[in-house]
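Per the working numbering, the sequence shown runs over residues 17 to 462. To start, the structure itself, in C-alpha cells.
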Amino acid sequence: MKKFSLSTWLLFLLPSIVGVTLFMIPMPIAGSSQIPIAWLAKELSKTLEPVVQWISLATLLIAAIGSLVYLFIPKKNTFVNNLFKVSIFWTITRVVGATFAVLIIFQFGPEAIWSDNTGALLLSPDGLVSSLFSLFLFAGLLLPLLLNFGLLEFFGTMMVKVMRPLFKLPGRSAVDALTSWVGDGTIGVLLTSRQYEEGYYTKKEAAIIGSTFSVVSITFCIVVLEEVGLGTYFVPYYLTVLLCGIVLAFIMPRIYPLANKEDKHIDGRPLDLDAEKYPENYNAVTHGLEKALEMADKNRSVSKLFSDGFKNVIDMYIGVTPVVLAFGTIALMLAEYTSVFVILGKPFEPLLMLFGIPEAAAAAQTLVVGFADMFLPSILGGSIESEMTRFFIATMSVTQLIYMSEVGGLLLGSKIPVNIKDLIIIFLLRTLISFPIIALVAHLLF
C-alpha cells in the first residue's frame, strides 16, 4: 500500500466521520431520536415558515420562465444552460408546477388544486416542498462530506462481494442504502443521483438503487404505525419491512423494467467489473483505504467544494421542486376527488380475500392510493376495525416505496433514468411480491 501524509489521512477521516454523524447516526435531539441533518432541515423550515412559500414560488417561477426562454437558445455545456435547457415535456412540467404554486398560494382557481389535502399539503409552510427546500440546502452543501473524501471508496471496496452478487450493485451503494434506511429516502435519492451524474453508477445501477433502496426512515415508519393505532407492534412491523426490503432488493434488479436498463454510465462507458477486483498483494481493507486516501488527496480545495455544493443546491431547487409539486398535486387530486384509486383497487379484492385479510373491500383501495402519497393508505385504513388489516395496510404502504408526492417525484426530477411507466410497474410489482409475506406475518400476529 502506498504511503500518504498525515494531512491526507485527516482529510479522509475527519470529513467522513462528520458526514456519517450528520447523515446516518440517530441522536437524542429535542426529546427524540433524530438524524442530525433531518433535525437541521426541520429547524430551518420552522425559521423560514413565514417566507418559505414565497421562496418556493420564486424558485418555481424562475424554473418555468428560464426553461421557456431556453427553448429558443442553442444547447451549450454551461451550468445555466444545463439548468434550464430541458425537453418540452420537462418544460411543460415546470410550467405546470409554477402554475400550481400560484393557485395554491393565492387560493385561486379550482379548489381541487389548492385544498388542504392536495396542493396545500405539499406547499403549505410546513408541507413537503417547504421541507425539501431546507433539506436540499443542507444535503447539497454537506453531501460532499460523504462523497468527496473517500468514505464511499473505502466501504465500497469492502462491500462489493456482498452487494454485487446479491443486488447486482457496486459496493459503494451500501452507503446509499444505509443512508436511506437510517436517515431519509429523499437523501438516498439525492446521493444516488449525484453519484450517477459523476459516473460512479451505470444507468441500471442508478435506477435499481433509486427505486429499491430509497426507503422511508425509521421515524416515518413509527408515524405510519401510530396512525393506524398499532404502535405496540413496532418490532414485528419493522422486521417485516426489513424482510420485504431485502427480498425486493434481491428480486427487482433481476426482472423488468430494472433488468432491461442499460449497464452503461452516463458518458456511455460500459460496466467494467474488472475495476472492482483487488490488485495483487491487496485485500479489501488495504485496497479500500488506498482508494479512499487517493480520493481525499484530490479534494483539498475548500472553495471548489462549496462551489460544487452550491451548484448542487440550485440544480435540485430548479430541477426537482417543480416535478414534486406538479406530479404530487395531480396524484393527490386523483386520490381526493376521483374514484380512480377505488376502481384500480378493485382487482386486489379477490387477492385480499384469498389471503384471508378481513374487510377486503375497504383495504383494496389503500393498495393503490399509496402511489399518490405514502401516508394516504394509513389515513384511509385508520378507521378499519380489523387490527390484522390495519397492520397489513401500514406495512404494505411502506414497502411499496414509490409514491409521487416524494420519492417518485424526486426520481422523475433527478437524472436517474426512470420514467413514469417504470415507476408504475415497479410500484405494482413491489405490491404483488410483498403481498404474501406481509399477509403471512399478519396472520401469525393476529
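Every residue gets a Cβ at the ideal spot worked out from N, C-alpha and C, and that includes glycine. Note that the structure is predicted; figures quoted are calculated from it, not measured.
Asked	Found
N-terminal and C-terminal residue of the beta strand (DSSP E) that Q123 is part of	From DSSP, Q123 is part of no beta strand (DSSP E); its letter is neither H nor E.
C-alpha gap between Y253 and P141, whole angstroms	32 angstroms
Beta-carbon gap between L7 and L194 smaller than 8 angstroms	Any answer about residue 7 is impossible in this case: the structure gives the chain only from 17 up to 462.
CB contact flag (T415, V257, <8 angstroms)	yes
Under the three-state DSSP convention, the category Q381 falls into	coil
H281 burial status per 10 Å Cβ neighbour count (16 or more: buried)	buried
Distance between beta carbons of M420 and A388, contact taken as under 8 angstroms	6 angstroms
Same chain, Cβ closer than 7 angstroms to W130, five either side skipped, listed in chain order	L119, I120, Q123 and A136
Test item: CB-CB of T107 and L84 under 8 angstroms	yes
Spatial distance of G125 from T337 (CA atoms)	21 angstroms
Spatial distance of T63 from L368 (CA atoms)	46 angstroms
Identified DSSP bridge partners for H459	Note: H459 sits in no beta bridge, so no partner.
From Y216, G166 and S196, residue whose alpha carbon lies closest to that of A185	Note that residue 185 is Leu in the sequence shown here, rather than Ala. Residue Y216 is the option with its Cα nearest to L185.
When I224, Y333 and G425 are compared against L151, the one with the closest alpha-carbon	Y333
Minimum C-alpha distance to W100 - residue among T75, A117 and T115	Residue 100 is actually Phe in this sequence, not Trp. Nearest of T75, A117 and T115 to F100, Cα basis: T75.
Per-residue DSSP class, three states only, for M43	strand
Cβ neighbour criterion (16 or more within 10 Å) applied to N297	exposed
Exposure label - D279; buried when at least 16 CB within 10 Å	exposed
Contact set for V205: own chain, Cβ-Cβ below 7 angstroms, skip 5 residues either direction	G226, S230, V423, L426, L427 and S430
The region 322-332 touching the region 155-167, judged by at least three CB pairs closer than 8 angstroms	yes
Cα-Cα separation between A79 and A114, rounded to whole angstroms	8 angstroms
Sub-8 angstroms separation of A458 and F408 beta-carbons	yes
Cutoff 8 angstroms; reference V385; Cβ partners in own chain excluding five residues on either side	A351, F357, G361, L392, P393 and L396
Whole-Å CB distance - A265 paired with F183, under 8 angstroms assumed	5 angstroms
8 angstroms Cβ cutoff met for M268 and I224	yes
Inter-residue CB distance, S450 and C237 (contact presumed, cutoff 8 angstroms)	The Cβ separation is near 15 angstroms, so there is no contact.
N- and C-terminal bounds of the beta strand (DSSP E) containing S49	S48 to Q50
P286, DSSP secondary structure in three states	strand
Under the three-state DSSP convention, the category K277 falls into	coil
Bridge partner(s) assigned by DSSP for T218	H281
Residue interval of the alpha helix (DSSP H) (run including S413)	E403 to Q416
Residues near V191 in its chain [Cβ-Cβ closer than 8 angstroms; skip 5 each side]	L162, L167, L168, F171, G172 and L207
Spatially closest choice to G284 from T218, W25 and V318, by CA coordinates	T218
Three-state secondary structure assigned by DSSP to S355	coil
Euclidean distance between Cα positions of I234 and A455	21 angstroms
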